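Undergrad:
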Amino acid sequence: MTSLPRLDDIRDEYEFLDADDRYRLLIDLGRTLEPMPDPLKTDATLVRGCSASVWVYPTRADTGALHFLADSNAAITKGIIALVLETVQDQAPGAILATDIEGLLAPFDLKNQLSSNRTQGIPNMIALIRETASRYA
């Protein structure tokens with residue numbers, strides 16, 4: 035995976051941008067996601083409740099850390115996925131469970147910046163990440 039910038043750096047840049055540039059930033063973030071092989075994009079990895087198709091596939095490193103492959107068929111949604119993953123990627127299951135993902139994403143004010151169609155699947159994706167971490171904890 036191309037290393038994602040730290041969430042704080044992303045937020046600092048995001049705060050200074052107008053709406054159109056925020057969209058472009060999210061699209062650029064989505065491009066940094068590690069490619070997800072098409073065979074992993076199945077009904078089993080599909081996140082329910084998203085207006086766009088979103089797939090999330092967890093892997094576990096030898097260290098026990100969880101690494102998520104994810105993709106979407108919508109560019110802005112991929113950027114949202116990248117933001118969510120930035121909060122938990124390559125962390126131990128216990129650390130993921132202790133992470134306030136919603137709190138870390140709150141400064142981006144995605145619900146007011148994007149349409150409800152674009153943000154409706156975020157809670158489901160977070161729930162899937164937590165469920166996965168809980169299984170491995």
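Numbering (the working numbering), first residue to last: 35 to 171. From the three backbone atoms N, C-alpha and C, an ideal C-beta is built for every residue, glycine too. Values in this document were obtained by computation on a predicted structure and should not be read as measured data.
1) Is the segment 112 to 128 in contact with the segment 60 to 74, if contact means three or more CB pairs nearer than 8 Å?
2) Taking only runs that begin and end inside the segment 51 to 103, name each unbroken beta strand (DSSP E) of 3 or more residues, in chain order.
3) Helix, strand or coil for T166, going by three-state DSSP, please let me know.
4) Can you give the Cα-Cα distance for T13 and A99, rounded to whole angstroms?
5) How is D42 classed by DSSP in three states: helix, strand or coil?
6) Can you tell me whether Q154 is helix, strand or coil according to DSSP?
7) Would you report the Cα separation of A86 and R56, rounded to the nearest angstrom?
8) Mapping DSSP to helix, strand and coil, what is Q147?
9) Whose C-alpha, out of S168, H101, E136 and A78, is nearest the C-alpha of P157?
10) For the alpha helix (DSSP H) containing T111, list its first residue and its last residue.
11) With a Cβ-Cβ cutoff of 8 Å, do T121 and L148 count as a contact?
12) So, are the CB atoms of L119 and F142 less than 8 Å apart?
13) Return the chain-ordered list of same chain residues with a C-beta closer than 7 Å to the C-beta of G83, the five sequence neighbours on each side being excluded.
TA: With the structure as the only source:
1) yes
2) 88 to 94
3) Three-state DSSP puts T166 in a helix.
4) This structure gives no information on residue 13, because the portion of the chain shown stretches from 35 to 171.
5) helix
6) coil
7) 19 Å
8) helix
9) E136
10) A109 to E120
11) no
12) No Cβ-Cβ contact shorter than 8 Å links L119 with F142.
13) Q154, G155 and N158
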